[in-house]
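K.L.:
This is the structure I have questions about; it appears just below.
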Amino acid sequence: MSFIFSLNEKTEANSRTTTETYEFKIQIKGITRPPVWRRITVPSDYSFYDFHQIIQKAFGWWSSHPFQFSENGFGSSQVITEIYEDVDSGFEEQIDAEEIYLSDVFHKERQKFIYIYDFGDSWEHTITLEKILPEKTGYPELLDGKGQCPPEDCGGVWGYENFKEIMANKKHPEYEEFAEWVGLEENEEWDPKEFDLKRTQSVIKEMFKN
73 MSFIFSLNEK TEANSRTTTE TYEFKIQIKG ITRPPVWRRI TVPSDYSFYD
123 FHQIIQKAFG WWSSHPFQFS ENGFGSSQVI TEIYEDVDSG FEEQIDAEEI
173 YLSDVFHKER QKFIYIYDFG DSWEHTITLE KILPEKTGYP ELLDGKGQCP
223 PEDCGGVWGY ENFKEIMANK KHPEYEEFAE WVGLEENEEW DPKEFDLKRT
273 QSVIKEMFKN
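Residue 113 in our numbering sits at position 41 of the sequence shown, and the numbers go up by one each step.
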């Protein structure tokens with residue numbers, strides 16, 4: 073297979089002699105007021121499937137839809153994804169996310185990549201490698217973040233903007249329906265700025281503590 077994006081020279085897991093720590097900022101494209109982003113550190117020898125799981129937990133997604141990593145988002149012919157037998161994805165080349173590692177793809181600081189979750193709602197995340205550090209902990213860490221994760225299946229960026237408008241107006245005719253849909257308790261409000269950093273840090277730590 074010829075790779076469209078640039079790989080490091082050493083691509084076999086057993087060829088890695090040094091594990092570094094990558095610090096990433098990951099931001100959902102198209103969302104403002106507030107933006108939704110997370111800053112995480114991940115060991116360079118983690119697979120892209122591991123990376124997918126970390127992103128899901130860091131944002132608060134439910135891992136209920138397909139995903140892909142690529143250089144150019146939906147315009148890419150070559151993607152890193154979960155491989156399903158006898159399923160035609162429509163992409164020319166698929167790379168198994170469990171068989172390729174972060175250090176195979178990320179070479180330098182400021183390098184960017186795209187993560188897409190849910191091909192219906194099309195949540196496109198921009199990944200920026202901010203720092204390459206000496207190995208620190210050996211497991212992923214959530215450092216910072218901003219903004220609440222959109223609800224699953226809300227219709228993508230435009231659907232989420234509509235959802236926020238409805239949830240900001242308790243007199244809106246659809247407010248009660250949407251409040252029940254997202255599981256709000258009585259007198260509880262939806263705050264798009266809300267992000268519980270400590271709780272999410274604990275979730276990620278528990279996930280990878282072993």
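Backbone N, C-alpha and C fix where the C-beta goes; we use that ideal spot for every residue, glycine too.
Model, not experiment: these values are computed from the prediction.
Which stretch, first to last residue, makes up the alpha helix (DSSP H) that contains residue 205?
P.N.:
Walking along the sequence shown from the start, residue 205 turns up at place 133. Not the alpha helix (DSSP H): residue 205 falls in the beta strand (DSSP E), residues 195-206.
K.L.:
At what residues does the alpha helix (DSSP H) containing residue 174 begin and finish?
P.N.:
Counting from one through the sequence shown, the residue named residue 174 turns up at place 102. Start and end: 174-177.
K.L.:
Taking 9 Å as the cut-off, decide whether the C-beta atoms of residue 218 and residue 201 are in contact.
P.N.:
Taking the first residue of the sequence shown as 1, we reach residue 218 at position 146. Taking the first residue of the sequence shown as 1, we reach residue 201 at position 129. Pairing residue 218 with residue 201 gives a Cβ-Cβ distance that is not under 9 Å.
K.L.:
What is the rounded straight-line gap between the Cα of residue 170 and the Cα of residue 177?
P.N.:
As a working mapping, residue 170 is identified with position 98 in the sequence shown. As a working mapping, residue 177 is identified with position 105 in the sequence shown. Approximately 14 Å, taken between the alpha carbons.
K.L.:
Is it true that the segment 133-142 meets the segment 189-198, where meeting means three or more beta-carbon pairs spaced less than 8 Å apart?
P.N.:
yes
K.L.:
Inspect the CB distances between the segment 221-230 and the segment 118-129 and report whether three or more fall short of 8 Å.
P.N.:
no
K.L.:
In the DSSP assignment, find the alpha helix (DSSP H) that holds residue 103 and state where it starts and stops.
P.N.:
Taking the first residue of the sequence shown as 1, we reach residue 103 at position 31. Taken as a continuous stretch (DSSP letters only), residue 103 belongs to no alpha helix (DSSP H), as it is neither H nor E.
K.L.:
Closest by CA to residue 155, which one among 197, 172 and 199?
P.N.:
By 1-based counting over the sequence shown, the position of residue 155 is 83. For residue 155, the nearest C-alpha among the options comes from 172.
K.L.:
What do you reckon, are the CB atoms on residue 93 and residue 108 nearer than 9 Å?
P.N.:
Counting from one through the sequence shown, the residue named residue 93 turns up at place 21. Counting from one through the sequence shown, the residue named residue 108 turns up at place 36. No, the pair does not count as a contact, with Cβ atoms beyond the cut-off.
K.L.:
Output the distance between the C-alpha atoms of residue 96 and residue 116, rounded to the nearest integer angstrom.
P.N.:
Counted from its first residue, the sequence shown places residue 96 at position 24. Counted from its first residue, the sequence shown places residue 116 at position 44. Answer to the nearest angstrom: the Cα atoms are 11 Å apart.
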